[in-house]
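Engineer:
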Amino acid sequence: MLSAGFHQVPKGHVTTVVTHLEMLAPVTRETPEISGLTLVKHDAISPAAYRDLFRRIGQDYLWFSRLHLSDEELLEIFDHADYDLYTLQREGEDLGLLELDFREDTACELAFFGLDTALIGTGAGRYLMSQAISLAFARPITRFHVHTCTLDSPQALGFYVRSGFKPYKQEIEIAEDPRLSGDLPKSAAPQIPMFP
4 MLSAGFHQVP
14 KGHVTTVVTH
24 LEMLAPVTRE
34 TPEISGLTLV
44 KHDAISPAAY
54 RDLFRRIGQD
64 YLWFSRLHLS
74 DEELLEIFDH
84 ADYDLYTLQR
94 EGEDLGLLEL
104 DFREDTACEL
114 AFFGLDTALI
124 GTGAGRYLMS
134 QAISLAFARP
144 ITRFHVHTCT
154 LDSPQALGFY
164 VRSGFKPYKQ
174 EIEIAEDPRL
184 SGDLPKSAAP
194 QIPMFP
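Reading the sequence shown from the start, the letters are residues 4 to 199 in my numbering.
1. Would you tell me roughly how many angstroms separate the C-alpha atoms of VAL25 and GLY99, rounded to the nearest one?
2. Return the Cβ separation of TYR86 and ASP108 in integer angstroms, given the expectation that the two are a contact with Cβ distance under 8 Å.
3. What three-state label does DSSP hand MET197 in the structure shown?
4. Are the Cβ atoms of LEU42 and LEU88 separated by less than 7 Å?
5. DSSP three-state call for LEU78: helix, strand or coil?
6. Is the beta carbon of ILE60 closer than 7 Å to that of ASP119?
7. Leaving out five residues on either side along the sequence, give the residues of the same chain with a beta carbon under 8 Å from the beta carbon of LYS1.
8. From what residue to what residue does the alpha helix (DSSP H) around ASP55 run?
9. Looking only at C-alpha atoms, which of ILE195, LEU70 and LEU72 sits nearest to SER156?
10. Anyone know if the C-beta pair for PRO181 and LEU77 falls short of 7 Å?
11. Can you tell me the Cα-Cα spacing of PRO199 and HIS16, whole angstroms?
12. Is ARG142 helix, strand or coil by DSSP?
13. Among the candidates GLN173, SER137, ILE177 and GLY128, whose CA atom is the shortest distance from the CA of PRO35?
14. Please report the straight-line C-alpha distance between GLU174 and HIS10, rounded to a whole angstrom.
15. Label GLN158 either buried or exposed according to how many other C-beta atoms from any shown protein chain fall within 10 Å of its C-beta, with 16 as the threshold for buried.
16. When DSSP labels each residue in this structure, what does VAL164 get in the three-state scheme?
17. If you compare alpha carbons, which of ALA178, GLY117, LEU160 and GLU179 is closest to PRO170?
18. Tell me whether the beta-carbon of VAL12 lies closer than 7 Å to the beta-carbon of THR153.
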């Protein structure tokens, strides 16, 4: 447990405040009509295609957790019967990511959720969240949960709350800066300082 006050972060690392949220029953929100977008469930996806989409969506926010995983580790997650991976496509191009993890009994984690910049501000996020809530609660769960952090989009926390998730806990995470490890280019997320 951290005491109140300032705590120095080791050089070469980034720190973030992580907020955990949950939804205990499905919430319905008005969802805009989005033409030209298709939600596609992937029974198989190549690690290279997945990493490309993951970077396009998350690079500006230093998404790094999946970049440490080998092809085999990624495929082990995606091949699990209780793990669902979807992409939001326009004209066959993947522009959104939705991952639902049902590996915990009676619960679903919204493991990853994001949009390519081409879809931000179009209502596609509300559409994708409505799909996520419907898909999660179509299974016999009692809890749908997600976490977001201060390295994520500044709109993410408010979006999750407006979608019906309730915050229940916060943590501090310290991790190696993915720009220094080579997982992301040094130009990624220029709004976050590097301390080599």
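Every residue gets a Cβ at the ideal spot worked out from N, C-alpha and C, and that includes glycine.
Structural biologist: Quick look at the numbers:
1. Correcting the residue identity first, residue 25 is Glu in this sequence and not Val. Cα-Cα distance, rounded: 22 Å.
2. Incorrect: roughly 14 Å between the Cβ atoms, too far for contact.
3. For MET197, the secondary structure class from DSSP, reduced to helix, strand or coil, is coil.
4. No, these two residues do not count as a Cβ contact at 7 Å.
5. In the structure shown, LEU78 sits in a helix (DSSP, three-state: H, G or I).
6. Yes, they are a contact pair.
7. Any answer about residue 1 is impossible in this case: the structure gives the chain only from 4 up to 199.
8. If you look at ASP55, you'll find it in the alpha helix (DSSP H) that goes 50 to 61.
9. The candidate whose alpha carbon is nearest that of SER156 is ILE195.
10. Their beta carbons are not under 7 Å apart, which means PRO181 does not touch LEU77 by this criterion.
11. For the pair PRO199 and HIS16, the Cα-to-Cα distance works out to about 8 Å.
12. Coil.
13. When each option's Cα is compared against that of PRO35, the closest is GLY128.
14. Rounded to the nearest angstrom, the two C-alpha atoms are 14 Å apart.
15. Its Cβ having fewer than 16 others within 10 Å, GLN158 is exposed.
16. Residue state for VAL164 is assigned as helix, using DSSP reduced to three classes.
17. The shortest Cα separation from PRO170 among ALA178, GLY117, LEU160 and GLU179 belongs to LEU160.
18. For VAL12 and THR153, no; Cβs fall outside 7 Å.
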